[in-house]
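What follows is a single structure, written as structure tokens, with notes after it.
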Amino acid sequence: MKKKEAGAAESGIKPEKPDNLKDHGRRRRNLRLTTMAAAGILECILAGEISGQEPDRMITLVFLGLLYSVIFFAGMEFLRTQKDWFYEKAADYKHIARWYTASCIVAALFIYLPEYARPVMLLAIGMDILSNSLFGVMFGMFHVTVFAVCGQENAYILLCGMFLVMGGCMAVSFLEGAKEPKWEAIFLFLYVSCSVLVFSFLQTGQLEWFVLFCGACNGACSAGMAGILCQKLRQFLELSRKRGMDRILHEDFSLVQAVQNFSKLDYGHAKKVSEISKNCAAIIGADPDVAAAGGFYYRIGRMEGEPYVENGVALAKSNHLPKEIIEILQEYNGEQKFPSTLESAIVHIVDSVVAKFDVLDKETLSSSWNQDILVYQTLNENSASGLYDKSGFSMNMFLKIRDYLIKEADLF
């Protein structure tokens with residue numbers, strides 16, 4: 006049996022420090038935050054001009070935009086630095102900034118519409134999808150407040166707008182998993198129409214046909230566009246996520262080059278684990294892109310030495326790898342956490358099998374019988390240890406992956 010080198014650095018080259026990448030990401034985030042702040046202030050100015058406000062009211066609107074920007078962006082930065090579930094969405098604010106800027110322009114044009122006919126709910130729904138419900142509500146409240154300052158300053162109109170914003174953000178979770186969208190659309194139509202009916206009656210003490218017509222138009226627009234907006238934005242986010250996964254596996258990506266410079270053996274191992282993990286994920290219905298990226302970066306902690314888990318996670322975060330990949334690295338080898346997702350379990354299985362083949366000669370395993378025994382033995386040991394109990398891995402999935410590794414996978 007011939008022993009191969011097991012991961013020592015061949016070239017002695019350490020991976021580049023990510024200081025320049027951090028600075029670039031920070032400048033990009035600051036630029037987008039500035040753009041969003043300018044868009045909010047511009048909305049206030051445009052809305053004031055369209056509604057013919059006096060100079061003192063225009064100054065008030067500008068300060069409203071400034072005050073809102075401080076609260077909104079401070080909250081976003083706080084959550085981003087916490088590296089929680091909001092981390093991935095707010096890594097560079099690209100999608101949020103685009104929606105924010107476009108929505109501010111559209112909201113200013115809403116001033117031309119009758120007060121009860123403005124579909125402000127849609128603006129809040131879009132921000133909710135791209136960030137979270139808190140910022141969706143805050144974003145909608147801002148538009149509603151601008152409308153109130155530029156309008157009749159009636160408390161009932163302001164309350165109606167806030168009621169619609171909160172209802173829209175609550176509806177996002179229902180629209181996401183809706184099997185029959187028509188019922189959600191009917192609910193939104195009735196919700197918007199009835200809200201306008203109630204608050205307009207409280208405002209005037211009577212029902213006006215024009216206001217009811219405006220409420221029906223608002224409800225029809227909100228109900229019809231909400232489902233489309235949710236579907237399109239989520240498809241856009243999924244496509245963007247897939248492109249992001251492809252980017253971090255491209256040969257030009259800095260961390261890929263760092264792995265290649267660190268060790269040719271580790272780089273070859275990472276490429277093999279990535280490819281096989283991707284195929285295994287496709288077989289059992291897991292996410293192939295996450296499995297491929299997780300498989301490639303599974304061992305990056307070795308570039309910095311022990312402790313492998315902490316160093317691997319630190320490298321991943323400093324290079325802005327997606328949250329799903331960071332979670333897989335946190336579960337490296339089951340040292341601190343057992344695999345909690347299908348993709349993490351797949352990567353662990355493939356890495357452990359490929360590692361066994363890496364240290365053996367092809368001549369030693371020339372017979373398919375020996376190769377089969379090694380795959381069986383490795384998978385049975387891992388399964389018996391309970392490593393995959395929390396990952397949602399079923400016996401059927403386990404058998405499919407085992408068959409693939411034995412019959413089709415190129416393990417050498």
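Counting from 1, position 326 in the sequence shown corresponds to residue 331 in the numbering used here; the numbering is continuous, with no gaps. For each residue, glycine too, the CB sits at the ideal point set by N, CA and C.
Burial state of residue i, where buried means 16 or more other Cβ atoms lie within 10 Å
{"i": "C199", "result": "exposed"}
{"i": "I18", "result": "Bear in mind that a pLDDT of 38 at I18, under 50, signals an unreliable position, so the model cannot answer this."}
{"i": "A231", "result": "buried"}
{"i": "E189", "result": "buried"}
{"i": "Y303", "result": "buried"}
{"i": "I289", "result": "buried"}
{"i": "K277", "result": "buried"}
{"i": "L84", "result": "buried"}
{"i": "V75", "result": "exposed"}
{"i": "D356", "result": "buried"}
{"i": "Y381", "result": "exposed"}
{"i": "A107", "result": "exposed"}
{"i": "G503", "result": "The first residue shown for the chain is 6 and the last is 417, placing residue 503 beyond what the model contains."}
{"i": "R37", "result": "buried"}
{"i": "S390", "result": "exposed"}
{"i": "E256", "result": "exposed"}
{"i": "F215", "result": "exposed"}
{"i": "F39", "result": "Per the sequence shown, residue 39 should be read as Thr rather than Phe. Exposed is the call here."}
{"i": "N324", "result": "buried"}
{"i": "T209", "result": "exposed"}
{"i": "K7", "result": "Because the pLDDT at K7 is just 35, under 50, the model does not fix this residue reliably, and the point stays unresolved."}
{"i": "A13", "result": "Reliability fails at A13, whose pLDDT of 40 lies under 50, so the model's placement of it is uncertain and the value that follows must be treated cautiously. Exposed, by the Cβ-count rule."}
{"i": "V364", "result": "exposed"}
{"i": "T346", "result": "buried"}
{"i": "P344", "result": "buried"}
{"i": "G317", "result": "buried"}
{"i": "I354", "result": "buried"}
{"i": "P293", "result": "buried"}
{"i": "S399", "result": "exposed"}
{"i": "R62", "result": "exposed"}
Cβ-based neighbour list, residue i, same chain, cut-off 8 Å, excluding 5 preceding and 5 following
{"i": "S349", "result": "G299, E332, I333, E336, S396"}
{"i": "M175", "result": "S138"}
{"i": "A297", "result": "M250, L254, S279, E280, S282, K283, A286"}
{"i": "G80", "result": "L139, F140, M143"}
{"i": "A153", "result": "N159, I162, L163, G166"}
{"i": "L127", "result": "G173, C226, S227, M230, A231, L234"}
Cutoff 7 Å; reference residue i; Cβ partners in own chain excluding five residues on either side
{"i": "D377", "result": "I411"}
{"i": "D133", "result": "G141, C174, V177"}
{"i": "A129", "result": "G141, V142, F144, G145, V170, G173, C174"}
{"i": "A44", "result": "Y105, T106, C109"}
{"i": "I5", "result": "A question about residue 5 goes unanswered here, because the residues of the chain that appear run from 6 up to 417."}
{"i": "Y313", "result": "G306, R307, Y337"}
Cβ distance (whole Å) where residue i is taken to contact residue j below 8 Å
{"i": "E329", "j": "V295", "result": "5 Å"}
{"i": "A228", "j": "F258", "result": "With a Cβ gap of about 43 Å, A228 and F258 do not count as contacting."}
{"i": "R246", "j": "D271", "result": "R246 to D271, Cβ: 26 Å. No contact."}
{"i": "L379", "j": "R407", "result": "In fact, because the Cβ distance is near 12 Å, the residues do not count as touching under 8 Å."}
{"i": "G131", "j": "W104", "result": "5 Å"}
{"i": "N223", "j": "V261", "result": "Between V261 and N223 the Cβ distance is about 50 Å, and since that is not below 8 Å, they are no contact."}
{"i": "L238", "j": "L135", "result": "7 Å"}
{"i": "E204", "j": "Y161", "result": "Looking at the sequence itself, residue 204 is Phe, so the reference to Glu does not match. The Cβ separation is near 5 Å, so the contact holds."}
{"i": "A275", "j": "I351", "result": "With 8 Å as the limit, A275 and I351 do not qualify as a contact, their Cβ atoms being about 15 Å apart."}
Chain-order list of residues whose beta-carbon lies under 6 Å from that of residue i (same chain, five-residue window excluded)
{"i": "A52", "result": "A113, I116, V151, C155"}
{"i": "G166", "result": "V125, V149"}
{"i": "K405", "result": "I288, I289"}
{"i": "L320", "result": "I305"}
Residue i Cβ short of 7 Å to the ligand HEM heavy atom set
{"i": "V203", "result": "Within the structure as shown, the ligand HEM is missing, as the structure has no ligands at all."}
Which runs of the beta strand (DSSP E) at least 3 residues long sit entirely within the region 214–280? Give them in chain order.
none
Can you give, in chain order, each stretch of the beta strand (DSSP E) that sits fully within the region 70–155 and has at least 3 residues?
none
Quick check for students: name the residue ranges of the alpha helix (DSSP H) that lie wholly in the region 306–339, counting only runs of 4 or more.
313–323, 328–335
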